[in-house]
Structures are given as structure tokens and as C-alpha cells.
Amino acid sequence: GGTAVKVWDLAMTGKGLRELNDAHSKVIMDLDLDDKASTLISASFDGFVKVFNAVDFTHLCSYKQTGPCTCVAWRPDGHGLMVGLDDGSWQFRSRGKTGKTKKKAVGEGELVVGKRVLRRGKKDGPLKDDDDDEEESEARQKSKKWKREEGFLRGHLHQPELEDHVVDQQGRAGRESKVTYLFRKFEYRKLAEYLFHYTKPREPSYGLSIVSQLLEQGALASALSEMGEELCLEALRWLQGAYSVSTDSLQQSLINELLLQLIDCNECLRPPQSHKLIEAMEKVEKMILKELQNQEELFETAGAIESIFS
Numbered sequence: 001g002g003t004a005v006k007v008w009d010l011a012m013t014g015k016g017l018r019e020l021n022d023a024h025s026k027v028i029m030d031l032d033l034d035d036k037a038s039t040l041i042s043a044s045f046d047g048f049v050k051v052f053n054a055v056d057f058t059h060l061c062s063y064k065q066t067g068p069c070t071c072v073a074w075r076p077d078g079h080g081l082m083v084g085l086d087d088g089s090w091q092f093r094s095r096g097k098t099g100k101t102k103k104k105a106v107g108e109g110e111l112v113v114g115k116r117v118l119r120r121g122k123k124d125g126p127l128k129d130d131d132d133d134e135e136e137s138e139a140r141q142k143s144k145k146w147k148r149e150e151g152f153l154r155g156h157l158h159q160p161e162l163e164d165h166v167v168d169q170q171g172r173a174g175r176e177s178k179v180t181y182l183f184r185k186f187e188y189r190k191l192a193e194y195l196f197h198y199t200k201p202r203e204p205s206y207g208l209s210i211v212s213q214l215l216e217q218g219a220l221a222s223a224l225s226e227m228g229e230e231l232c233l234e235a236l237r238w239l240q241g242a243y244s245v246s247t248d249s250l251q252q253s254l255i256n257e258l259l260l261q262l263i264d265c266n267e268c269l270r271p272p273q274s275h276k277l278i279e280a281m282e283k284v285e286k287m288i289l290k291e292l293q294n295q296e297e298l299f300e301t302a303g304a305i306e307s308i309f310s
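Here you go:
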């Protein structure tokens, strides 16, 4: 796309024949030749439809549209053209007669009628004249003014009446988070990838909240099933970080459940084959053994205190 119109000789040389620079001020969206290949029309985002002589690129006329134009086409018989607009509406314009016929002089007192322009809006409906559109537009403006000043849509200068109930408008809801979107779309595998790639294992609360919600929905096994060696390695590294900082019993139970499901749902971990997976599993095992040792010491301390009071 661009603002220039170019013609190439595709049949013989493949080289450019003619170029019309800056035919429009914005990008040209569509071009079309009439049935005799003598007249070219162009539609652009600058809101203009322009008509050119296809031989020497002489500018014949322009049509200003109500908005950016996206497509244009001649009627098969060449007696009119159709224009599509960016807002979804389209317009039909009849083509004036060409040739050496002279225009009929307008006599005194005669009414001059312009070309008929037909439009159809976004929704399918009957074709309407420009005059009809002007009448409807004026009626809509009056309706809006009444609603703003006299109806229920008052302007900023109008105060509510004593019997009116004023409702504070709530602000627009914030954009939903990535995790909320993935849960709404049931993208459980992507949730697992998000958990191990983008949540911080040294601050496991957010990541473990995802695990807890997956458990509630019965989807943890589905999220962790056959993830492959690379993602399993990321998962084991995430668990190492979570084990090293977790002190809460609820968090520890979620971490243990996550590890068990990870091993059960991935054959590459039963047993691990690659050197990196073996090394990561050994580090996780050391952390678990250290946690068990701490628990044994707690049990011994609890037993000693109980014997004192007994």
C-alpha cells in the first residue's frame, strides 16, 4: 500500500509503464477499471474516491466520502460505482453520461436536481437518498438534545430533581489477569508453563495459589501430564526454590502434592535419564531429607517436653 498509482507491463516486459505519485494523501486501499478499461477509480483512507483517465492518468473528478474508504468497484455496466467505508457502511453513486452530448440548458424557473446518491448503513435495509439521511440525522440530533436537556440524560448544567435517585457510576472493570484468563479458557497446560516460567519460587505464595486452584478443579494432573524434559527440569528447579523458603505447613503440603503429581504424570522422571534431571532430582531429595530430619528433631523435643510435664 502507498499513496501512488503504478502500472506495469506484466504480459511482455514486467517493467513499470506509468506512475502517478501522491494520488492520495493516505494509503490507497483499492483500485478498479470500468468495463471499457478506460477509466480508473481509486479509494483511499483519506476519505476520497478519485476518478482518472486510465490512459494518461488525467484526474477527472473526486468524491468526498464520510469516512475512510476501504474498497471500490464499478458497476458491471459502468454506469455507477460502489464504495465501502471503514465503518461498515457503503454508498452507491451513479455515473454521469459521457460523450459529446451537450448539457441541456436550464430554463428560467426550472428546478435543478442533482445526482442521486444511495446509501445503505451497517445493517441491511432499504436504500435511502441523501435527503432522507439529512432528515433522519436532524431528527436524531433533536432526540439527543431532548434526552440531554429534558429527558433522562441530563446535561452537566442540569441538577437532579428531589424525587430522583442518583446512582454513582462504577468505573470500568480492570483488565483480567493472565492466570484468570487461562483458567476461564481451561488452558491447564499453559497454566503449568506460566507457573514454572513466570512465578518466583523464592516467593511461592502466588505460584502455590495456582496449584491450589488446580487441585480444587481436579486439573493438576492434567496440567502436569507429560510435560517433557525441559519443562520438568524447570519444575524441579522451581520446587527447589520453594522448598528452601517455605515454612508454612499449608505451603509445604501444596509443594509436596505438586512434586508427587509431577513424578506420577511424567515418565521422564521415573527414573530420570538425563544428567540435568538426575542432578535436579537429587537436590530436591536432599531438601526433603533435611525437612524430615528437622521434623524428627521437633518430635524428639516435643517428647522431652511432654515427659517433663508427665
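The letter at position 55 of the sequence shown is residue 55 when you use this note's numbering, and the numbering goes up by one with no holes. Positions of the beta carbon are idealized from the N, C-alpha and C atoms, including for glycine.
Query, Result
"Determine the extent of the beta strand (DSSP E) in which phenylalanine 92 is found, giving its start and end residues.", "90–94"
"Cutting at 6 Å between CB atoms, please list the residues of its own chain near proline 201, excluding the five before and the five after it.", "Trp238, Gly241, Ala242"
"Pull up the distance between the alpha-carbon of arginine 270 and that of leucine 277, whole angstroms please.", "11 Å"
"Less than 9 Å separating the beta-carbons of cysteine 69 and serine 38?", "no"
"Bridge partners for leucine 10 per DSSP, in chain order?", "Bridge partners of leucine 10: none, in fact."
"Comparing alpha-carbon positions, which option in Ser94, Thr66, His79, Asp77 lies nearest aspartate 87?", "Thr66"
"Phenylalanine 52 to glutamate 136, Cα distance in whole Å?", "34 Å"
"Taking just the CA atoms, how far does glutamate 300 sit from glutamine 293?", "11 Å"
"On the DSSP letters alone, give me the boundaries of the beta strand (DSSP E) that glutamate 279 sits inside.", "From DSSP, glutamate 279 is part of no beta strand (DSSP E) but of the alpha helix (DSSP H) over 275–309."
"How close, in whole Å, do the beta carbons of tryptophan 74 and valine 83 come, if the pair is a contact with beta carbons under 8 Å?", "That pair is no contact at about 11 Å."
"Do you know whose CA, among Gln217, Ser205, Leu215, Leu233, lies nearest glutamate 193's CA?", "Leu233"
"Exposed or buried, methionine 281, counting other C-beta atoms within 10 Å across all chains shown (16 or more means buried)?", "buried"
"Under 9 Å, do aspartate 35 and isoleucine 41 count as touching if we go by C-beta distance?", "no"
"According to DSSP, is aspartate 264 helix, strand or coil?", "helix"
"Identify, in the order they occur along the chain, each residue of the same chain with its Cβ nearer than 6 Å to the Cβ of alanine 219, setting aside the five sequence neighbours on each side.", "Tyr188"
"Roughly how many angstroms lie between the CA atoms of cysteine 265 and aspartate 30, to the nearest whole one?", "55 Å"
"Please determine, among Ser225, Lys178, Glu229, the residue with the shortest C-alpha to C-alpha distance to isoleucine 210.", "Lys178"
"For a test of the three-state rule: what should DSSP assign to serine 209, helix, strand or coil?", "helix"
"Work out the CA separation of alanine 223 and glutamine 251 for me, nearest whole Å.", "19 Å"
"Applying the 10 Å Cβ sphere with the 16-neighbour rule, what's the burial state of histidine 24?", "buried"
"Could you check what DSSP says for arginine 270 in three-state terms: helix, strand or coil?", "coil"
"Under a Cβ-count criterion, where at least 16 other Cβ atoms within 10 Å of its own Cβ denotes burial, should serine 253 be classed as buried or exposed?", "exposed"
"Which residue from Met12, Val27, Ala139, Ala4 puts its Cα closest to that of arginine 18?", "Ala4"
"DSSP three-state label for lysine 15, please.", "coil"
"Would you report the Cα separation of arginine 154 and glutamine 141, rounded to the nearest angstrom?", "Annotation note: pLDDT 48 at arginine 154 (below 50); position unreliable, no value reported."
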